[in-house]
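In our numbering, the protein residues as written are 30 to 129.
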Amino acid sequence: CSSLVFQLSNESTVYDVLKDIANTFDDFFVYFLLFVGPFIVVANVFAMFILSRKELRTPYNMIFAVMALNQCVHILCRDIQLWNTAPDFSCKYVSFAFPN
């Protein structure tokens, strides 16, 4: 349960503050995304449906539709992974990568 982004001493006050922020954000993020994620996906599917209408098929709107699809896939993958790992809070660090 560790990640090394940069080297920081365990005795540092910055380390303690960052650790507290990370632990608080992890708990908030898990519950927030588990409950709000499905609504985000539904809203993006609705946006893709509207933007794919014949009258709205412009290059800019197609870019927006692809962005909505990208966000749908991203949120769905994170929600599925968080749903599978949320009951186990022994490891606070969650990697958002597909398992091997």
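Quick reminder that beta carbons are idealized off the backbone N, C-alpha and C, glycines included.
Annotation: K83 is outside any alpha helix (DSSP H) and is labelled neither H nor E by DSSP.
When only Cα atoms are considered, I79 and T114 end up about 34 Å apart. CA-to-CA, the gap between L111 and V59 works out to about 7 Å.
Taking C-beta separations shorter than 8 Å and ignoring five residues to either side along the sequence, the partners of L62 in its chain run I104, R107, D108 and L111, following chain order. In this structure, the straight-line span from the alpha carbon of S81 to that of Y89 is close to 11 Å. A51 is positioned such that its CB atom lies no closer than 8 Å to that of M77. Here the alpha carbon of T53 sits roughly 31 Å from the alpha carbon of V74.
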